[in-house]
Each structure stands twice: as C-alpha cells, then as structure tokens.
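Scroll down for the structure; my scribbles are underneath it.
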Amino acid sequence: MTHRMIETDVCVAGGGPAGLFVGLLLAKAGVRVTVLESHDNFDREYRGEVLQPRFLQLLQQLNLRDYIESFPGAKVRQGTLFYKNKRMGSFSFEDVSGAFPYALWMPQPVLLQALYDKARTFPSFEMLFHAPVKQLLHEGDRIAGVVAETADGPLEVRARLTVGADGRFSAVRKLGGFEIEYEHYAGDLVWFTVPKPADWGEELRMLITDGHGYIVLPKYPNLLQVGIAVPAAEWKEIKAHGIEPLRQELLAAHPAFRDFAESLTDFKPFVLLQAKDFYVREWAKNGCLLVGDAAHCASPAGAVGVSLSVTTAVVAADVIYDALRDRDCSGGRLAAVQKCRDREIRSIHSMQDRAAKLMFSSSPFIRTWAPMFISFAAKTKLIRFVQRRLLVLPEPLAIHERFMF
Numbered sequence: 000m001t002h003r004m005i006e007t008d009v010c011v012a013g014g015g016p017a018g019l020f021v022g023l024l025l026a027k028a029g030v031r032v033t034v035l036e037s038h039d040n041f042d043r044e045y046r047g048e049v050l051q052p053r054f055l056q057l058l059q060q061l062n063l064r065d066y067i068e069s070f071p072g073a074k075v076r077q078g079t080l081f082y083k084n085k086r087m088g089s090f091s092f093e094d095v096s097g098a099f100p101y102a103l104w105m106p107q108p109v110l111l112q113a114l115y116d117k118a119r120t121f122p123s124f125e126m127l128f129h130a131p132v133k134q135l136l137h138e139g140d141r142i143a144g145v146v147a148e149t150a151d152g153p154l155e156v157r158a159r160l161t162v163g164a165d166g167r168f169s170a171v172r173k174l175g176g177f178e179i180e181y182e183h184y185a186g187d188l189v190w191f192t193v194p195k196p197a198d199w200g201e202e203l204r205m206l207i208t209d210g211h212g213y214i215v216l217p218k219y220p221n222l223l224q225v226g227i228a229v230p231a232a233e234w235k236e237i238k239a240h241g242i243e244p245l246r247q248e249l250l251a252a253h254p255a256f257r258d259f260a261e262s263l264t265d266f267k268p269f270v271l272l273q274a275k276d277f278y279v280r281e282w283a284k285n286g287c288l289l290v291g292d293a294a295h296c297a298s299p300a301g302a303v304g305v306s307l308s309v310t311t312a313v314v315a316a317d318v319i320y321d322a323l324r325d326r327d328c329s330g331g332r333l334a335a336v337q338k339c340r341d342r343e344i345r346s347i348h349s350m351q352d353r354a355a356k357l358m359f360s361s362s363p364f365i366r367t368w369a370p371m372f373i374s375f376a377a378k379t380k381l382i383r384f385v386q387r388r389l390l391v392l393p394e395p396l397a398i399h400e401r402f403m404f
C-alpha cells in the first residue's frame with residue numbers, strides 16, 4: 000500500500016496538555032510541528048481537570064495566565080476533610096501559595112481548545128485529528144517518525160524528532176520498547192457527577208464514611224465531580240452484588256448524592272479510572288522523547304498529574320529546540336529532560352504512593368485512625384510542608400524568552 004507522506008521537524012503523538020504545550024512552544028519559536036491526536040475532537044471527561052498553583056506559576060512565567068483564565072472555569076480556594084460528616088480539618092490554598100491562592104478547575108476540552116487556538120496562530124503548527132500512531136519509522140539506529148492511521152488511509156510523518164505525548168497507554172512507548180521502571184497501583188477512582196448545592200462554595204472535600212472515601216470537586220459551572228476511592232479489584236465485586244448496596248451507601252454518604260442515588264438503576268453513570276502511577280526507566284532514544292503521562296504517569300492523589308506533565312513539556316521544548324539547532328537529537332542529548340525532572344517526579348510519586356495506601360485501604364484500623372492523624376497533622380507545619388511540595392513549584396523554571404508570549 001502506498002502511504003501519503005509529510006515531513007516536519009517535530010512529530011508529537013498526542014494532543015493532550017503535554018503534547019499541545021510542546022507543540023505550542025516550539026511553533027512559537029518557529030519550529031515546524033505536527034501534532035497527531037487519536038480522537039476526533041477534544042471531548043473527554045474526568046481527565047485531569049484540576050490545575051494546581053504550580054500550573055498557574057508556569058502560565059505566569061509564559062505570560063499565558065490571563066489568556067487561559069479568560070476561559071470558563073472555577074476557582075477552588077480551600078479543601079476540607081470530613082469523617083462521618085464531622086469536619087476534621089481544612090486548608091486554604093492562600094496559606095499554601097499566597098501569590099496563587101487557588102487551584103483552577105477547568106474542563107479539559109476547554110483547556111485543550113484554548114491551547115490549540117493559540118498554537119494554530121503560528122504558521123509552523125499543524126494538528127491532525129483521528130490520527131492514532133500505529134508504527135514507528137526507523138533510519139539506522141534512530142526513530143525517524145511515525146505511521147498514523149487516518150480517515151484517508153495510512154499517513155507517514157517523517158520527523159527529525161518524535162515526541163511521545165500520548166498518555167498513560169502510550170503507543171509510542173510501546174512501539175519504541177521503552178521499559179517501565181516501577182509502577183504503583185492501590186485502587187481505582189470511580190467517578191460520577193451531581194448538581195452542586197447552592198451553599199457548597201469554592202472548596203474540594205474529602206469524605207470518609209463507613210463505606211468508602213470520597214473526593215468531591217466543584218465542576219464548572221454548577222456541578223460536583225465525585226470520586227469513590229475503591230481498593231484494587233473491589234469494583235468488580237461491587238458490581239457483582241448489584242447496584243442496591245452501592246445505592247444505599249451513597250444515600251448515607253452525603254445529602255448532595257441523594258437524588259443521584261435514588262435515580263440509580265445500574266452502573267452506567269460511573270466511570271472508572273485506575274489510580275496508578277508509573278515511571279519509565281529512560282525517556283529518550285535516538286530521535287524520540289517521551290513526555291507527560293507517557294513517561295511519568297501520576298496517580299490522582301493531590302491532583303497534580305496535568306501540572307507535572309506540562310512542566311515536563313516546557314522543559315522538553317527548551318531541550319528540543321537546542322537539540323534541533325545543534326543537529327543532535329540523540330538519546331543522550333534528549334536525556335537532559337529526564338535529568339531535569341527526575342528528582343521531583345520520583346519525590347511526588349513517593350508521596351502519592353503513601354497517600355494512596357491510606358486512601359484506598361480497606362483496613363478498619365487505618366480507616367478509623369487516618370482521619371484523626373490527618374486532623375492532627377493539619378494543625379502542624381508538617382501538612383503545610385507536604386502541600387507545598389506537592390502543589391507549588393519549588394522554584395521558577397528557567398524558560399527562554401523565545402517561548403514567552
């Protein structure tokens with residue numbers, strides 16, 4: 000079969016936050032970029048919609064904060080822990096990050112469309128939808144592009160550098176033979192959506208009940224996004240018992256869930272996402288670099304996945320630009336991205352792993368005493384230290400002015 004073929008400087012597989020940031024920044028610097036997105040559009044739900052202060056810090060450095068915040072979203076200013084409907088403790092984003100006193104809840108389709116609209120103002124940017132990567136191209140010992148499947152048949156994209164930004168189930172990672180160094184999987188978050196009560200305010204809540212733990216986030220414009228923390232493999236058991244036991248648990252968990260629970264007849268309104276983190280041993284090979292969830296997938300603990308991925312994407316844009324300029328896209332040169340990001344990613348994964356063991360534990364002892372410990376820690380400097388490590392950039396990134404807007 001004859002393939003259609005195009006040539007570019009950088010082929011980015013994946014049009015999520017990391018892929019679009021790489022594409023946007025490189026296109027602004029004049030690099031020819033082709034982004035391939037496997038879906039037909041940006042519509043997706045329950046995907047990384049909380050943008051922490053560390054994300055806002057990056058936007059500020061890039062002079063994109065006002066632009067992104069002009070789109071629909073909600074500001075989350077505080078978090079509160081409840082144990083059996085008793086308030087156990089709270090924190091304010093202002094105490095964690097005074098200059099950025101909130102997290103931004105923005106539907107991911109809105110964020111992606113905003114980035115895409117900005118990127119396509121640059122003539123060197125191109126994005127193709129419904130173009131999943133099916134094959135990697137090789138020239139000698141280097142990856143030289145991809146073959147994507149499109150509505151018009153196979154498309155060969157030859158590139159000086161290929162970026163795998165195609166998420167936790169990355170095709171580029173699999174096809175390129177990249178190895179996972181470690182993986183943690185404690186359970187699943189099972190998501191559903193309910194109307195937001197008028198008195199809810201701009202806060203996220205963690206609810207610990209006799210049944211499960213719940214994460215509850217304001218969802219723009221007037222909804223709550225609720226995640227049930229379910230230990231690994233338990234969701235299958237829950238479904239085997241039918242909807243009624245879960246319906247009864249939701250009725251008792253919180254008044255905001257009542258109408259939703261009363262309407263339940265099956266499990267169709269629920270969406271399961273694995274609360275898994277993993278780390279790829281080496282992110283770079285000759286002609287190819289993994290970024291974002293393809294390289295270092297974060298668990299939902301702390302809701303920092305998008306923020307971490309985009310930070311890596313910004314670092315990657317700088318390394319890629321210099322590598323193209325110097326005509327050196329070797330694995331050794333591209334490894335500078337991992338060298339820069341390795342320590343923070345591992346540290347946050349470690350914190351997430353410890354949090355997940357509490358969040359997804361089925362032990363009655365842990366479920367009883369964890370809220371007491373968290374309540375105590377909230378009154379000390381320990382919790383503030385952990386929150387800052389998780390939610391705030393430790394220092395500004397070194398970003399070249401060519402990438403600033």
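Residue 319 in numbering that gives the first Met the number 0 sits at position 320 of the sequence shown, and the numbers go up by one each step.
Glycine is no exception: its CB is placed at the ideal position from the N, C-alpha and C atoms.
Cβ-Cβ distances below 6 Å link V391 to P52, R53, S96 in the same chain, with the five nearest sequence neighbours on each side left out; the list follows chain order.
By the C-beta density criterion, D265 is exposed, having fewer than 16 other C-beta atoms within 10 angstroms. In the displayed model, L19 falls within a helix according to three-state DSSP.
Relative to L110, the option among R76, N40, A98, N84 whose CA is nearest is N40. Within the same chain, Q60, L61, N62 come within 8 Å of M403 by CB-CB distance, once the 5 residues on both sides are set aside. Going by DSSP, A28 is part of no alpha helix (DSSP H) at all; its letter is neither H nor E. Its Cα nearest to that of M205, the residue P217 stands out among V162, C10, P217. Apart from the 5 residues on each side of it in sequence, D352 sits with its Cβ closer than 6 Å to the Cβ of H183 in its chain, given in chain order. Judged by beta-carbon spacing, V279 lies within the 9 Å limit of F177, meaning their Cβ atoms are closer than that value. A distance of 9 Å or more separates the beta carbons of A316 and L103.
For E125, same chain residues with a beta-carbon under 6 Å away, outside a window of 5 residues either side, are T33 in chain order. Runs of the beta strand (DSSP E) lying entirely within the stretch 221-294, each at least 3 residues long, are 222-230, 270-279, 287-289 in chain order.
In the structure shown, R3 adopts extended strand secondary structure according to DSSP, grouped into three states. Bounds of any alpha helix (DSSP H) do not take in I214; it lies within the beta strand (DSSP E) bounded by 212-218.
For A315, the enclosing alpha helix (DSSP H) stretches over residues 304-324.
Exclusion of the five residues before and after A312 leaves P16, A17, G18, F20, V21, L24, A164, V290, G291 as the residues of its chain whose Cβ lies within less than 8 Å of its Cβ. The C-beta separation of L271 from D187 comes to about 5 Å, placing the pair in contact by the 8 Å criterion. Of the candidates R31, T120, L50, H348, the residue whose Cα lies closest to the Cα of F92 is L50. Ranked by Cα distance from F81, the options A334, Y213, R257 are led by Y213. Where R43 is concerned, there is no enclosing alpha helix (DSSP H), because DSSP gives it neither an H nor an E. Taking C-beta atoms under 8 Å as the contact rule, A231 and A185 qualify, at a distance of about 6 Å. By the Cβ test, the stretch 1-13 is in contact with the stretch 146-157, since at least three Cβ pairs between them sit closer than 8 Å. Each residue's CA atom was taken as its position, placing R324 and K338 some 20 Å apart. The alpha-carbon of A334 is positioned some 25 Å away from that of Q56.
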